[in-house]
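*Asks:*
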Amino acid sequence: MEEKTSKTKKKIRIGLLLNDYQVSFWIFKMVEILSSSNYAEISLVVKRNSEKKNNSSRNKFWNNRSHILYIIFIKIESIVFKSVKKYVSPVSLKGIITCPEVLITPKTSRLYDEIIQEDIDKIAQHDIDIFIRLGFKILKGNILNCSKHGIWSYHHGDNKAYRGGPPGAWEVLNNNPLTGVTLQILNEKLDGGKILLKSYSSTSPFSISKNRKSIYKKSIVYLPRKVAELYNRGEVAFFKDVNKLNNKPSFYNFKLYKTPKNIEFIIGLLSIYSKWLNKKVKNVFFNEQWIVLFKFDNSTKMSDTLYNFKRITPPRDRIWADPFIWQKDGSFYLFLEEMINKENKGKISVMKLNKNGTYDLPKIIIEENYHLSYPFLLEENNELFMIPESGINKTINLYQCIEFPHKWEFVKFIMKDIQAVDSTVFYYNNKYWLFANVRQQPKTSIHEELFLFFTESLMDDNWISHPKNPIVTDIRCSRPAGNIFVKENRIYRPSQNCAERYGYAINIQEIIALNENEYEEKNIDSIFPNWADDLLGTHTINHCQGLTVIDALIKQSKF
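Read in this note's numbering, the sequence shown has 445 at position 458, and its numbers run on one by one without any break.
1. Return the first residue and the last residue of the beta strand (DSSP E) that Gly167 is part of.
2. Kindly identify the DSSP beta-bridge partner or partners of Asn274.
3. Would Ser544 be called buried (16 or more neighbouring beta carbons within 10 Å of its own) or exposed?
4. Could you tell me if Lys(-3) is buried or exposed, where buried requires 16 or more neighbouring beta carbons within 10 angstroms of its beta carbon?
5. For Arg303, does the count of other Cβ atoms within 10 angstroms reach 16, so buried, or fall short, so exposed?
6. Give me the Cα-Cα distance between Glu(-11) and Phe422, rounded to the nearest whole angstrom.
7. So, at 7 angstroms on beta carbons, what are the nonlocal neighbours of Asp309 in its own chain, with the 5 sequence-adjacent residues on each side left out?
8. Between the segment 190 to 208 and the segment 159 to 172, do at least 3 Cβ pairs fall closer than 8 angstroms?
9. State the DSSP-derived secondary structure class of Asn6, mapped to helix, strand or coil.
10. Report yes if the C-beta of Lys47 is less than 7 angstroms from at least one heavy atom of the ligand FAD; otherwise report no.
11. Just to confirm, is the Cβ distance from Glu88 to Lys16 under 8 angstroms?
12. Between which two residues does the alpha helix (DSSP H) containing Phe226 stretch?
13. With Phe472 as the anchor, note down where its beta strand (DSSP E) starts and where it stops.
14. Taking only three categories from DSSP, how would you classify Ala156?
15. Short check: CB of Arg298 to CB of Leu280, under 8 angstroms?
16. Can you tell me whether Phe441 is buried or exposed? The criterion is at least 16 other CB atoms within 10 Å of its CB, across all chains shown.
17. Take every Cβ of the segment 400 to 412, pair it with every Cβ of the segment 343 to 358, and state whether three or more of those distances are shorter than 8 angstroms.
18. Kindly indicate which three-state DSSP category Arg52 falls into: helix, strand or coil?
19. What's the gap between the Cα of Thr(-5) and the Cα of Gln428?
20. Whole angstroms is fine: what's the gap from Leu439's alpha carbon to Ile250's?
21. What would DSSP say about Tyr260, mapped onto helix, strand or coil?
22. Based on the DSSP secondary-structure assignment, which residues constitute the bridge partners of Ser196?
23. Measure the alpha-carbon distance for Asn456 versus Lys282 and round it to whole angstroms.
24. Where Thr525 and Gly255 are concerned, what is the direct C-alpha to C-alpha distance, given to the nearest angstrom?
25. I'd like to know whether the C-beta atoms of Ser465 and Glu497 end up nearer to each other than 8 angstroms.
26. When we look at the beta-carbon of Ala486 and count the other beta-carbons within 10 Å, is it buried (16 or more) or exposed?
27. Hey, does Ile389 have any beta-carbon neighbour from chain B nearer than 8 angstroms?
28. So, for Glu275: in the same chain, excluding its five sequence neighbours on each side, which residues have a beta-carbon less than 8 angstroms away from its beta-carbon?
29. Could you tell me the boundaries of the beta strand (DSSP E) in which Ile22 lies?
30. Determine which residues share a DSSP beta bridge with Pro467 and list them.
31. Any idea what DSSP makes of Glu575, helix, strand or coil?
32. Tell me whether Lys418 sits in a helix, a strand or coil according to DSSP, three-state version.
33. Residues in the same chain with beta-carbon distance under 8 angstroms from Ser286, minus the five sequence neighbours each way, listed in chain order, please.
34. Around the C-beta of Ile14, are 16 or more other C-beta atoms found within 10 angstroms, so that it is buried, or is it exposed?
35. Comparing alpha-carbon positions, which option in Gln483, Lys248, Asn270 and Asp521 lies nearest Leu56?
36. Going straight from the alpha carbon of Glu175 to that of Asp108, what length do you get?
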C-alpha cells in the first residue's frame, strides 16, 4: 500500500502535561508552532489539579538560605538583562489551544509524580500520539506508556555531563565551553530517557541568564522539528534512527547537580570573573590576526605534520583566511578572504603560490557592498565556479570565472532569503549536495546547525531540503571547514570546532550515509592549534596535488 500523501495523512495528536496554563514564553512559542502547523494538533491537556502553596517570604528565605546568593544573582541578572527575562515570563496558553482537558491529582513524593490508573484510563481514551511534559515532577508508572510514542521532554543540559539542574547554570560556573540540550522520551530515570536529539552550543562565559536564554530560545524549534520529521519520514524510518542513536552503552559518572550552595556559587563566580579579567588584560597587550600556512609534499595525501608548515603573514592591518586551492598549468593559486580591519568587510582575493615557497601578493577579484569570505571553488563542464560566503546578504551566490584567475562574473543566486555560511558543494551519486550552516532564528549562533540541500544540476533553482535538516546540531563539528574529499572510497568532511571560540579547531568527519533520506557522520580526527605558542585557532583546510593549506589565528603583541 502506498504511503498517504501529506494532504490525506493524519496530523500527529499531541497531548500537553501541564501544571498550569500560565507557562514560560519559550514554551508558549513552541506550542504555538505545533498548534498552527500542518503536521500536528494539540488534542488534549492533562492538567495537575493541585492547590498552590502560600509560603510567607520569611519561610521562603529560610528554606532557601543555603543557596540564597544564587537566587539573588539570578534576580539581579533578570533586571540587568531584560531581553533574557522575556523567555521565562509567564504567558497563557488558553488563547491558542481549545482541546479537551483532563484534571488529575497524582500521588506525589519529593521527586516523583505517579498518576493513578483511573486517570490513566481517562487519558487513554483520547488516542494521543505524543505527550509533551511541560509540568509535573519525574513521572513513573503506566503514564509513560499512555501515548503511542511516549512522553517527550526537554532536559536543558547534556545528560551525559549535567543531570539535575538548574538549567544552564553549572556549565557557566564550571567554565565549561559547551552547554547541551537533550530531548528525550521519558522513562523513570532522571534525565536518562531515550534520546531523540542532542544539541551542543557555546556556553555564555559570564552570564547564567544569557546562557539559559540561549538554550530556551533554541528549544522553541527543536521539538517541533522532530515532530515534523516523524510526520514527514514516517515512524519506521524515524524510530530506526532513534534506536540507532540509543543502541550504545551509556553511563553517567558525574554527581547529581542541584541549586548551587552559597560557597559553591562564590567559588564559581570568582572563576568566572577571573577569566573575564584575564581576557581584558590580554586585549590590552595583544591583537589577533588570521594568517595562511602551507606545505608542499611529494605524497598525494594531506600533510599532517603541522609544525612544518610555512607561514604567509599579511600586513598587520588585515587578515587572510579561508584558503582554497586551484591548480592550473602547473601553478598553484590560493583564493582567500582578505579583510582590512578598519573596513570590517571581506573581499575575495587570489595569490599565486610557487613550489619554492615564494608567492605573489593577493589581488582582489570579487567585491560586493557586503561581506564575502570562504571562496569555495568547483568545476562543471570545464568551467570554474565559485560560491563565496555571503550570509550577511541572506543569499548564496554563484560566480563564474571568465578569465583565470582575476576576472569573475556573477551568475545567479543559488538561494535567497537564507542566512547561510560556508556553503560547500560535493558531487556524489549524480547529485550536487550543498552543505551550509544556517541561522533560522534571529540572534542565535550560526555556528551550530548544519543543513543539507541537493539537486541534479548546479544551475537548478529547485534545491531540495534534506528531510533530516538540520543534519548536525553541534557547535563542535557543524560548520564546514573546506572541501569534502574522498580517500580509499571513504568520504571525509572537514568541519569547524567553535566551542571554545569561533574557528578554534578543525575536525575530520567521515560521512557514513548520504542519500535523499539519510545522513550520518562520525568524527575521525581533530586538528587543535597546539603546534606553536602564538596560535589561537584554525578553521579551514584544503589539499590539491601535494599542496596542503590551512589558516590560523595568531596573537601578536601590540608593542
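Cβ coordinates follow ideal geometry from the N, Cα and C atoms, glycine included.
*Replies:* The relevant details are as follows:
1. Residues Leu165 to Ile172.
2. In DSSP, Asn274 forms a bridge with Gln543.
3. Exposed, because fewer than 16 other Cβ atoms sit within 10 Å of the Cβ of Ser544.
4. Answer is exposed; the Cβ neighbour count stays below 16.
5. An exposed status is given to Arg303, since fewer than 16 other beta-carbon atoms sit within 10 Å of its beta-carbon.
6. Its pLDDT being 38, under 50, Glu(-11) is placed unreliably by the model, and nothing is read from it.
7. Around Asp309: Leu323, Glu324, Ser360, Tyr361, Pro362, Thr527 and Asp538.
8. Three or more beta-carbon pairs drawn from the segment 190 to 208 and the segment 159 to 172 are found closer than 8 angstroms, and the two stretches are therefore classed as touching.
9. The answer is coil: DSSP assigns Asn6 none of H, G, I, E or B.
10. Because no ligand of any kind appears in the structure shown, any question about the ligand FAD cannot be addressed here.
11. Cβ distance not < 8 angstroms, so Glu88 and Lys16 don't count as in contact.
12. First-last of the alpha helix (DSSP H) with Phe226: Glu222 to Leu232.
13. Element bounds for Phe472: Phe472 to Lys474.
14. Coil, per DSSP.
15. Yes, the Cβ-Cβ distance between Arg298 and Leu280 is below 8 angstroms.
16. Looking at its Cβ environment, which holds 16 or more other Cβ atoms inside 10 Å, Phe441 is buried.
17. With a cut-off of 8 angstroms, the segment 343 to 358 and the segment 400 to 412 do not count as touching, because too few Cβ pairs lie within range.
18. DSSP places Arg52 within a helical segment (H, G or I) once states are collapsed to three.
19. So the alpha carbons of these two residues sit roughly 30 angstroms apart.
20. Approximately 47 angstroms, taken between the alpha carbons.
21. Three-state result, Tyr260: helix.
22. Paired residue(s): none; Ser196 is not in a bridge.
23. One C-alpha to the other measures close to 36 angstroms.
24. In this model, Thr525 and Gly255 are separated by some 30 angstroms (Cα to Cα).
25. Not closer than 8 angstroms, so no.
26. Label assigned to Ala486: buried.
27. Looking for chain B here will not work: only one protein chain is present.
28. Around Glu275: Leu523, Leu540, Ile541, Lys542 and Gln543.
29. Here residue 22 is Ser; the residue named in the question, Ile, does not match the sequence. First-last for Ser22: Phe12 to Ser22, but that is the alpha helix (DSSP H), not the beta strand (DSSP E).
30. Answer is Ser482.
31. Beyond the ends of the chain as shown, which are -12 and 546, falls residue 575; an answer cannot be given.
32. Strand, per DSSP.
33. In the same chain as Ser286, and ignoring 5 residues on each side of it, the C-beta atoms closer than 8 angstroms to its own belong to Gly533, in chain order.
34. With 16 or more Cβ atoms within 10 Å of its Cβ, Ile14 is classed as buried.
35. The candidate whose alpha carbon is nearest that of Leu56 is Lys248.
36. When only Cα atoms are considered, Glu175 and Asp108 end up about 20 angstroms apart.
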